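Shown next, in C-alpha cells, is the structure this report addresses.
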Amino acid sequence: MLLIIGLSTDVTTLHTCRAAGNQGVPFHFMDLRRYADRGHLDWDPMTGEGEIGIRGGIIHEFPSREIDGIYARIIDLSFRREAQQRNEASARIMGLTEVLRTVRCKVVNRPGSDDGNASKLLHLEVLRQCGFEGPDSLCTNVPEAAENWSARFDSQSVLFKGASSAKTFAELINPETNERLMFLRRCPALFQERVGDFDVRTHMIGEECFSERIVSDAVDYRLSSQELTYDSLSLPARICESCQKYRELSGLDFIGFDFRVSRDASRWHVLEANPMPGYDAYDRRSGFEISRSLFFFLSGRTGPQGLSGETDADCSRRAAARGKAPSEKE
Numbered sequence: 011m012l013l014i015i016g017l018s019t020d021v022t023t024l025h026t027c028r029a030a031g032n033q034g035v036p037f038h039f040m041d042l043r044r045y046a047d048r049g050h051l052d053w054d055p056m057t058g059e060g061e062i063g064i065r066g067g068i069i070h071e072f073p074s075r076e077i078d079g080i081y082a083r084i085i086d087l088s089f090r091r092e093a094q095q096r097n098e099a100s101a102r103i104m105g106l107t108e109v110l111r112t113v114r115c116k117v118v119n120r121p122g123s124d125d126g127n128a129s130k131l132l133h134l135e136v137l138r139q140c141g142f143e144g145p146d147s148l149c150t151n152v153p154e155a156a157e158n159w160s161a162r163f164d165s166q167s168v169l170f171k172g173a174s175s176a177k178t179f180a181e182l183i184n185p186e187t188n189e190r191l192m193f194l195r196r197c198p199a200l201f202q203e204r205v206g207d208f209d210v211r212t213h214m215i216g217e218e219c220f221s222e223r224i225v226s227d228a229v230d231y232r233l234s235s236q237e238l239t240y241d242s243l244s245l246p247a248r249i250c251e252s253c254q255k256y257r258e259l260s261g262l263d264f265i266g267f268d269f270r271v272s273r274d275a276s277r278w279h280v281l282e283a284n285p286m287p288g289y290d291a292y293d294r295r296s297g298f299e300i301s302r303s304l305f306f307f308l309s310g311r312t313g314p315q316g317l318s319g320e321t322d323a324d325c326s327r328r329a330a331a332r333g334k335a336p337s338e339k340e
C-alpha cells in the first residue's frame, strides 16, 4: 500500500490518488491541511521509527508492514493561521518533514534532497556539472546590468523569470518590460538567452525517463492561447546520462526536466530540474505511464515492463518516451 500526502485541493495530488485508484493500487490519503490542524506525531529520527497520522483518524506506525512507499507534496500552510495556530501547524509540518527524511521506506521525494533549485543560477551551474548545456544567463538586481547584458542579443532573444524556486512564467524583454527594470532593485530576476525551437519535458522516475515534445509559438508554452502540439520522443544517450548523473547527485527519485531543443535536435539546453513536478497533464497524455512507473517504483518493483540493464544505444533508440538512463557501470 502507498501513503499519499498532500492537499486535497492540489490537482497533482488529486491526480495521483485517482491514478492509483484506477490502476488498482491500494493507498491511503493523508490530507496535509487536516494534518497541520490535528496531526499526531511521535517520531524518533535516529531510528526512523514512530507514528504519524491525524488525531481521530488513521495513525500509521513505522516500520510498517502495510506501507511500501510514500508520495508527498509538502507545502507549509502555517502562514495562513493565527499566531498560536501558526506555531502549532509549523511545528507539525517540520515534524512531518523530518519523518519523510528519516523513515525507512521509499519516499518521493525526501525533503532536502536538492535545495539548489531555490536559486536558479546555482541550480543551472549544478546541472552543467552533470554534463548539461544551459542557456547564457544573468541573475541581477541592477537595472543597468540587465540592460547592458540584454543588449548583447538580438531583439526578441532575451527573456526573464523569477530567480528562486517560486513558480513564475517567462516573458520576453521588450520596451514595455524595460520600463519595469527599476523594480529589480527590490528583487533580482533571472535573464536568459532564448534558445531552441521547441520544448521537451522529461519525467525521470528511478532510472526510467518519459519525454514529451511540446511545440508552441508562445515564449512560455504554459501561457499559450493557441492549441499546442504534443508528441512523445526518446532522449539521446548523452542526455540520459546527464539525467542519471543529476539524479545521483541530487538524491531525487522523481524529477521533471525542462529542455529547449534545436529544430534538428542537435542541441539540448536544460532550463530546470523540478524536484516536485506537477506531472498530471503529462501523465494523461502518456496513457498514465508516468504514474504507473511511479507506483511501481514506490512499491519496490523495477517497473511495469520489468526493465533491466539497457545500453546507451538502447536508451537512444527507446521509442514512445520510455528511456532508461544508463548507469555509469553500464
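Each residue of the sequence shown is one higher than the one before, starting from 11 at the first, in our numbering. Ideal placement from N, C-alpha and C gives every residue a C-beta, glycine not left out. Remember, predicted model here, so these are calculated numbers, not experimental data.
**OP:** Let me know if Lys-130 comes out buried or exposed under the rule of 16 or more other beta-carbons within 10 Å of its beta-carbon.
**Re:** Counting from 1 along the sequence shown, the entry for residue 130 is found at position 120. Answer is buried; the Cβ neighbour count reaches 16.
Original post:
What is the DSSP secondary structure of Phe-72, reduced to helix, strand or coil?
Top reply: Residue mapping note: residue 72 aligns to position 62 of the sequence shown, counting from 1. Reduced to three states, the DSSP call for Phe-72 is strand.
**OP:** Give the DSSP bridge partners of Met-40, in chain order.
**Re:** By 1-based counting over the sequence shown, the position of residue 40 is 30. According to DSSP, Met-40 bridges with Ile-15.
Original post:
Under a three-way DSSP split, which group does Asp-241 fall into?
Top reply: Taking the sequence shown and counting its residues from 1, the one referred to as residue 241 is at position 231. Three-state result, Asp-241: strand.
Original post:
Between Ser-260 and Gly-126, is the Cβ-Cβ spacing less than 9 Å?
Top reply: Along the sequence shown, read from residue 1 onward, the residue named residue 260 stands at position 250. Along the sequence shown, read from residue 1 onward, the residue named residue 126 stands at position 116. The answer is yes: Cβ separation under 9 Å.
Subject >> CA nearest to the CA of Arg-44, picked from Asn-32, Gly-34 and Gly-63 >> reply: To locate residue 44, count along the sequence shown from 1; it is residue 34. That would be Gly-63, whose Cα lies nearest to the Cα of Arg-44.
Original post:
Cα separation between Gln-94 and Gly-49?
Top reply: Position 84 of the sequence shown, counting from 1, holds the residue named residue 94. Position 39 of the sequence shown, counting from 1, holds the residue named residue 49. Computed Cα separation, rounded: 15 Å.
**OP:** Could you tell me which of His-213, Glu-189, Gly-60 and Met-11 sits nearest to Glu-76, measuring between CA atoms?
**Re:** Within the sequence shown, numbered from 1, the residue matching residue 76 stands at position 66. Residue Met-11 is the option with its Cα nearest to Glu-76.
**OP:** State the CB to CB distance for the pair Val-225 and His-279, rounded to an integer number of angstroms; the pair is presumed to be in contact (CB under 8 Å).
**Re:** Within the sequence shown, the letter at position 215 stands for residue 225. Within the sequence shown, the letter at position 269 stands for residue 279. Actually they are not in contact, since the Cβ atoms of Val-225 and His-279 sit about 16 Å apart, beyond 8 Å.
Subject >> Own chain partners of Phe-269 with C-beta closer than 6 Å, once the 5 adjacent residues on each side are dropped >> reply: Position 259 of the sequence shown, counting from 1, holds the residue named residue 269. For Phe-269, where only same-chain residues beyond five positions count, the Cβ hits under 6 Å are Val-210, Trp-278 and Val-280.
**OP:** Specify the secondary structure class of Cys-250 as computed by DSSP and reduced to three states.
**Re:** As a working note, residue 250 is residue 240 in the sequence shown. In this structure, Cys-250 counts as helix in the three-state DSSP scheme.
**OP:** Note the first and the last residue of the continuous beta strand (DSSP E) segment covering Arg-223.
**Re:** Start at 1 with the first residue of the sequence shown, and residue 223 comes out as number 213. That run of the beta strand (DSSP E) goes 218 to 225.
Subject >> Burial state of Thr-239 (16 or more Cβ within 10 Å) >> reply: What you label residue 239 is simply residue 229 of the sequence shown in a count that begins at 1. With fewer than 16 Cβ atoms within 10 Å of its Cβ, Thr-239 is classed as exposed.
**OP:** List the whole-angstrom C-beta distance separating Thr-22 from Asp-290, where the pair is believed to meet the contact cut-off of C-beta under 8 Å.
**Re:** The sequence position of residue 22 within the sequence shown is 12, counting from 1. The sequence position of residue 290 within the sequence shown is 280, counting from 1. Confirmed, about 5 Å.
Subject >> Rounded C-alpha distance that separates Ser-165 from Ser-309 >> reply: Here residue 165 corresponds to residue number 155 of the sequence shown, with the count starting at 1. Here residue 309 corresponds to residue number 299 of the sequence shown, with the count starting at 1. Approximately 50 Å, taken between the alpha carbons.
Subject >> Where Ala-228 sits in the DSSP three-state scheme >> reply: Here residue 228 corresponds to residue number 218 of the sequence shown, with the count starting at 1. Here Ala-228 sits in coil by DSSP.
Subject >> Per-residue DSSP class, three states only, for Phe-201 >> reply: Within the sequence shown, numbered from 1, the residue matching residue 201 stands at position 191. DSSP places Phe-201 in strand when its eight states are reduced to three.
**OP:** Enumerate, from N- to C-terminal direction, the unbroken beta strand (DSSP E) stretches of 3 or more residues contained entirely within the segment 257 to 290.
**Re:** 264 to 271 and 278 to 284
Original post:
Nearest to Gln-202 by CA position, among Leu-169, Tyr-231, Gly-58 and Glu-186, is which residue?
Top reply: Walking along the sequence shown from the start, residue 202 turns up at place 192. Of Leu-169, Tyr-231, Gly-58 and Glu-186, the residue nearest in Cα terms is Leu-169.
Subject >> Best match in Gly-34, Glu-154, Ser-296 and Glu-71 for proximity to Asp-52 [C-alpha to C-alpha] >> reply: Here residue 52 refers to the residue found at position 42 when the sequence shown is read from its first residue. Checking every option, the nearest Cα to that of Asp-52 belongs to Glu-71.
**OP:** Pick out whichever of Lys-255, Gln-254, Glu-189 and Gly-216 has its Cα sitting closest to the Cα of Arg-301.
**Re:** Here residue 301 refers to the residue found at position 291 when the sequence shown is read from its first residue. Contrary to the premise, residue 301 reads as Ser rather than Arg in this sequence. When only C-alpha atoms are compared, the closest one is Gly-216.
Original post:
Roughly how many angstroms separate the alpha carbons of Gly-66 and Asp-47, rounded to a whole number?
Top reply: By one-based count along the sequence shown, residue 66 stands at place 56. By one-based count along the sequence shown, residue 47 stands at place 37. When rounded, the distance between both Cα atoms is 12 Å.
Subject >> Burial state of Lys-334 (16 or more Cβ within 10 Å) >> reply: Counting from one through the sequence shown, the residue named residue 334 turns up at place 324. For Lys-334, the pLDDT reaches just 41, beneath the cut-off of 50, and the residue's location in the model is therefore unreliable, leaving the point undetermined.
**OP:** Pull up the distance between the alpha-carbon of Thr-57 and that of Arg-114, whole angstroms please.
**Re:** Reading the sequence shown from its first residue, position 47 is the one you call residue 57. Reading the sequence shown from its first residue, position 104 is the one you call residue 114. C-alpha separation (whole angstroms): 9 Å.
**OP:** Figure out for me which residue from Ile-85, Asn-97, Pro-36 and Glu-61 has the closest Cα to the Cα of Gly-79.
**Re:** The count along the sequence shown starts at 1 and reaches residue 79 at position 69. When each option's Cα is compared against that of Gly-79, the closest is Pro-36.
Original post:
Ser-235 to Ala-156, Cα distance in whole Å?
Top reply: What you label residue 235 is simply residue 225 of the sequence shown in a count that begins at 1. What you label residue 156 is simply residue 146 of the sequence shown in a count that begins at 1. Near 29 Å, if we compare the C-alpha coordinates of Ala-156 and Ser-235.
Original post:
Is the beta carbon of Leu-17 sitting closer than 9 Å to the one on Asp-41?
Top reply: Position 7 of the sequence shown, counting from 1, holds the residue named residue 17. Position 31 of the sequence shown, counting from 1, holds the residue named residue 41. Yes. Within cutoff.
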